[in-house]
Amino acid sequence: DHPIRVYAHRGSSKTHPENTMVAFEHALEAGVTHLEMDVHVTRDHQVVVAHDAGGERMTGEPALLSESTLTEIKKWDAGFGFQDAQGDFPFRGKGLRIPTLTEVLTAFPDVRLNIDIKHHNPDIVSTVIEVVRRHDATHRVLLSSFNPRMVQVIRRLGYEGMTGVSRTELTMIMLIPRWFIPRSSIHGLALQIPRKWKRYYFDNRRLIEKVHYFGKRVDYWVINEVEAALELLEMGADGIMTDDPHLILPPVREFAQTHNRVLD
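Residue numbers are given in the working numbering: position 204 of the sequence shown equals residue 204, and the series is strictly consecutive.
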């Protein structure tokens with residue numbers, strides 16, 4: 001069995017501005033040991049932690065990250081766009097900034113990171129890998145991308161750490177009987193998928209068992225309800241990515257104990 005994991009999706013993004021240091025810190029206070037985050041590369045080749053290509057939604061700044069320098073981006077208010085359940089904006093003007101990957105790796109030296117490279121330009125992959133290597137963090141950083149071409153580049157550049165199962169590999173797993181697929185042709189460590197995408201449903205025991213046949217983990221995103229998380233774990237899922245680790249981790253921990261599973 002693979003160990004069960006709870007990943008804080010963009011940190012504790014239900015309660016704090018996503019992909020900020022305070023969101024990551026709050027998630028770690030819940031007890032998680034895995035942070036999920038997204039990265040882009042700036043005009044001056046700095047790796048920053050942010051989901052969107054531009055700053056509009058989170059900071060109110062319409063500029064693209066790839067067309068802005070780090071100095072410019074560091075002036076943006078990363079708490080500007082976050083709205084709480086009451087409709088208030090509690091983090092506006094509180095000095096929150098978009099962090100660099102270097103800042104995250106330095107602040108959390110023992111935490112495992114799941115990094116989604118959002119940019120679809122393969123040229124930036126080497127920049128991301130260089131930062132991870134510089135911090136001797138390849139052993140604790142999984143690199144992935146929704147774009148299968150980017151995953152190919154990560155592997156082709158000889159990244160020593162873990163990678164996600166690519167969309168191309170998922171298609172093979174779903175459409176081809178397993179005895180026709182050499183085990184060596186599925187390279188990533190973990191298949192990380194939603195319950196449903198377009199007209200495809202991925203939340204079923206058959207798919208999980210097939211992925212396990214290839215020795216890979218199955219992690220689901222983004223799960224913010226306890227009932228849904230436990231249902232997926234009962235099916236055999238290995239990991240839950242959530243915006244609300246304070247809510248999800250305690251029942252998952254209890255599930256692991258009662259089912260004799262290791263919580264990693």
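Virtual Cβ for every residue (Gly too), placed ideally from N, Cα, C.
At which residues does the alpha helix (DSSP H) containing residue i begin and terminate?
i	result
Gln257	Pro245 to Thr258
His45	Neither: His45 is in no alpha helix (DSSP H) and is coded neither H nor E.
Thr242	It is not in any alpha helix (DSSP H) - Thr242 instead sits in the beta strand (DSSP E) that spans Gly239 to Thr242.
Lys210	Arg205 to Tyr213
Ala78	Element bounds for Ala78: n/a, residue is neither H nor E.
Phe24	Met21 to Ala30
Val226	Val226 to Met235
In terms of residue numbering, what span does the beta strand (DSSP E) encompassing residue i cover?
i	result
Leu191	Ala190 to Ile193
Leu96	Neither: Leu96 is in no beta strand (DSSP E) and is coded neither H nor E.
Ala8	Arg5 to His9
Arg217	Arg217 to Tyr220
Alpha carbon to alpha carbon, what distance is there between residue j and residue i?
i	j	result
Asp271	Arg217	Residue 271 lies beyond the residue range present for the chain, which begins at 1 and ends at 264; the question has no answer from this structure.
Val49	His40	7 Å
Phe82	Ile176	43 Å
Val22	Gly158	33 Å
Leu96	Asn260	41 Å
Gly54	Trp179	44 Å
Met172	Ile4	25 Å
Ile124	Thr258	44 Å
Asp52	Gly79	14 Å
Asp38	Pro182	31 Å
Glu36	Glu209	24 Å
Leu189	Pro62	36 Å
His64	Glu56	The sequence given here places Leu at residue 64; His does not occur at that position. Approximately 9 Å, taken between the alpha carbons.
Pro251	Leu233	11 Å
Thr15	Ala8	12 Å
Thr163	Lys196	22 Å
Tell me, which residues are paired with residue i by DSSP?
i	result
Gly54	Leu64
Met37	Ile115
Trp197	Tyr200
Leu70	Partner(s): none; Leu70 has no beta bridge.
Leu105	BP columns for Leu105 are empty, so no partner.
Within the region 110–188, ranges of the alpha helix (DSSP H) (whole runs, at least 4 residues)
Counting only runs of 4 or more, we get 125–134, 148–156 and 167–175.
Between the region 67–81 and the region 136–147, do three or more beta carbon pairs fall short of 8 Å?
Contact between the region 67–81 and the region 136–147 is not established, with fewer than three Cβ pairs separated by less than 8 Å.
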